[in-house]
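The listed protein sequences derive, respectively, from chains Y and P. Residue 114 in this note's numbering sits at position 114 of the first sequence, and the numbers go up by one each step. Residue 403 in this note's numbering sits at position 107 of the second sequence, and the numbers go up by one each step. Glycine included, each C-beta is placed from N, C-alpha and C at the ideal position. All values derive from a computational prediction rather than experimental measurement. These notes concern the structure reproduced below.
2 protein chains.
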Amino acid sequence: MEAFTEFREQSLPLIEKEMENFINEYTSNKRLKEAMLYSIHAGGKRFRPLLVLAAIYAFNKEVTTHDYQVAAALEMIHTYSLIHDDLPAMDDDDLRRGKPTNHKVFGEAHAILAGDGLLTAAFQLVAISQIEANQKVLLIQLLSKAAGTQGMVAGQAGDLQGEQRSLSLNELADVHEKKTGALIEFALLAGGILAQQPKEVVDLLGRFAQHLGLAFQIKDDLLDATSSEAELGKKVGRDEVLNKSTYPGLLGLNGAKEALEEQLSLGNGILESIKQTSPEFQPDLLRELLEQLRLG
Amino acid sequence: MEAFTEFREQSLPLIEKEMENFINEYTSNKRLKEAMLYSIHAGGKRFRPLLVLAAIYAFNKEVTTHDYQVAAALEMIHTYSLIHDDLPAMDDDDLRRGKPTNHKVFGEAHAILAGDGLLTAAFQLVAISQIEANQKVLLIQLLSKAAGTQGMVAGQAGDLQGEQRSLSLNELADVHEKKTGALIEFALLAGGILAQQPKEVVDLLGRFAQHLGLAFQIKDDLLDATSSEAELGKKVGRDEVLNKSTYPGLLGLNGAKEALEEQLSLGNGILESIKQTSPEFQPDLLRELLEQLRLG
């Protein structure tokens, strides 16, 4: 736990510095840059980039500049998705992490462009990094798949369409697997690849990510259903207002809590399997990231 | 001229097929796919992908599948930019190429996602192509630079900001160099790289692209100022309504026509320089693409 706090406090400023430096250097319009930096600086848990780094640490590898670049690229993609999701035509949110959303500050047009810019910049950052060419290509393949029309963008479309009708549990799982699961999966795969792990281990990391991603979404639904606006820093009860299918809605509060526990347990099991496959694997940080999703 | 018509008629279906196949295979949400294909099928001159292919032909190289993939990726980025530009928060256009704009048919939320999807898919398509890894990385570097916060997205932000005040001729040139010039430059650079040309020749192609891009924009401004809606298939006189700085606005109609002629002449000059550097270079198709911008 102490190790995790140290890891987090050590890593966060470096991830943020990497995003900030890149945007400052590679953006040639002042207001566009301000809009991008505003959302980058809006904080958040940095869950995805920390996962990349935690996976690399887990194999006792030194984390280098290009690892931070991949982590930063992933967080830039997550940030773009939040900016676009908050737009009036999408979820129409005024607050994000307790602050006015991007379009509330910069206007809708600049918010759309700030999102487009962050998405494009993420690929640029990986493309110019010092990673070996074949590995870089593999990372760009995986990132575009996770973020795009087989992943996050498809999940977001499914989520919108889910507002108009009730989804089954399988349909809901599919939407979430794409909408939030795909980027979480990328984080673990990227960590394994950057830590030079064999395919067998990278695949196990991907399976761990699937349980982690599902737990993440169930927790998110539970928080929306049970927290106050002050606790979350954004509007709550939105899912109900938007008539969205959710885990608590389909399973009840208790059923959703049980489903969350089950995913945490399955995720912990996979960490054990990785340890058996790869004896140098230290699961502590990844277990800690998983345990953060346990209900208090 | 006959060669050009043949080249165009031969190339267009293959570019379109490449985009369509990729979207069909790599999109896992039905309505998202429909929205993406709608704008891909809305036609247009396919100016940018034809430039990629024309540059490859110019060096007497056979055009292969992965060349079409790069051309298709570029057109997908152009198409995403049109979908987002047409949104109510941006240019608020109801018609594009004589058809209702994407958000008029699919709603704003899906139009935003279709744009995000096409942008991400463009990088995915280049990343999975059969191009050698180092060349692929170079193409992704150039494409992300041209499309992103140093290129098209920055130009679009500058263009929006230009609606609120008068731009000088230099500021206007800078906006256009980024907004339309950068992707046109990418087309020529990519063609030279895919045709395995030395840096010296690729640089000359880039210089040709700059004149071509500027001519393209002046022509676009002139058409907006002088055509009818039926001729253009979209609203005309929009620049004036939006109070946009334009070449005819800054130079007068005759001054803008002269500026267009000058760029065409400079572009033709560079084609001659390439011929002197690289004797196998056949400038005919590229000259024809340039000449299409001459006023009738």
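- Between residue 119 of chain Y and chain P, the shortest Cβ-Cβ separation is below 7 Å.
- Every alpha helix (DSSP H) of 4 residues or more that sits fully in the region 372-415 of chain P is shown, in chain order, as 398-402.
- Setting aside the 5 residues that flank it on each side, residue 193 of chain Y is surrounded in the same chain by 135, 138, 139 and 202, each with a C-beta closer than 7 Å to its C-beta; the list follows chain order.
- Per the coordinates, the alpha-carbon of residue 103 of chain Y lies some 9 Å from the alpha-carbon of residue 93 of chain Y.
- With respect to residue 172 of chain Y, residue 245 of chain Y sits close: the two C-beta atoms are nearer than 7 Å.
- At a cut-off of 7 Å between beta carbons, residue 386 of chain P contacts chain Y.
- Chain P has a Cβ within less than 7 Å of the Cβ of residue 144 of chain Y.
- Following the DSSP letters along the chain, one finds residue 339 of chain P in no alpha helix (DSSP H), marked with neither H nor E.
- The beta-carbon of residue 404 of chain P is placed less than 7 Å from the nearest beta-carbon of chain Y.
- Taking 7 Å as the CB threshold, residue 325 of chain P lines the interface with chain Y.
- Assigned with DSSP and collapsed to three states, residue 208 of chain Y falls in helix.
- Across the structure, residue 580 of chain P and residue 588 of chain P are spaced so that their CA atoms are roughly 12 Å apart.
- Any Cβ of chain Y closer than 7 Å to the Cβ of residue 419 of chain P would place that residue at the interface, and such an atom is present.
- Interface residue (Cβ-Cβ distance to chain Y less than 7 Å): residue 477 of chain P is not classified as such.
- The DSSP-derived three-state label of residue 564 of chain P is helix.
- Among the residues of chain P, those whose CB is under 7 Å from the CB of residue 136 of chain Y are 433, following chain order.
- The Cβ atoms of residue 59 of chain Y and residue 195 of chain Y sit closer than 7 Å to each other.
- Shown here, residue 130 of chain Y sits in coil according to DSSP, grouped into three states, outside any helix or strand.
- In this structure, DSSP gives residue 262 of chain Y a helical state, which the three-state scheme calls helix.
- By the criterion of a C-beta distance shorter than 6 Å, residue 440 of chain P is surrounded by no residue of its chain, once the five residues flanking it on both sides are discounted.
- When C-beta distances to chain Y are compared with 8 Å, the residues of the region 458-485 of chain P below that value are 474, in chain order.
- Residue 405 of chain P places its beta carbon less than 7 Å from that of residue 160 of chain Y.
- The CB of residue 141 of chain Y comes closer than 8 Å to the CB of 420, 423 and 424 in chain P, given here in chain order.
- Around the beta-carbon of residue 294 of chain Y, fewer than 16 other beta-carbon atoms lie within 10 Å, marking it exposed.
- Cβ neighbours of residue 78 of chain Y within its own chain (closer than 7 Å, five residues either side excluded): 48 and 183.
- Look at the beta carbons and you see the region 33-53 of chain Y not touching the region 270-278 of chain Y: under three pairs across the two are nearer than 8 Å.
- Looking only at Y/28, Y/296, Y/23 and Y/288, the smallest Cα-Cα distance to residue 453 of chain P is reached by Y/28.
- Sequence-distant partners of residue 449 of chain P (beyond 5 residues in either direction) whose C-beta falls short of 6 Å from its own C-beta are missing from its chain.
- At a beta-carbon threshold of 7 Å, the residues of chain P lying near residue 116 of chain Y are 380, 415 and 449, ordered along the chain.
- Between the alpha carbons of residue 270 of chain Y and residue 210 of chain Y lies a distance of about 10 Å.
- Residue 368 of chain P and residue 318 of chain P do touch by the CB rule: their CB atoms are close to 7 Å apart, below 8 Å.
- Here DSSP, grouped into helix, strand and coil, assigns residue 322 of chain P to coil.
- Residues of the region 29-49 of chain Y with a C-beta atom less than 8 Å from some C-beta of chain P are 29, 31, 32, 33 and 36, listed in chain order.
- Near chain Y, meaning a CB-to-CB distance below 7 Å, no residue of the region 363-379 of chain P qualifies.
- Spanning the alpha carbons of residue 409 of chain P and residue 576 of chain P requires a straight line of approximately 44 Å.
- In the structure shown, residue 445 of chain P adopts coil according to DSSP, grouped into three states.
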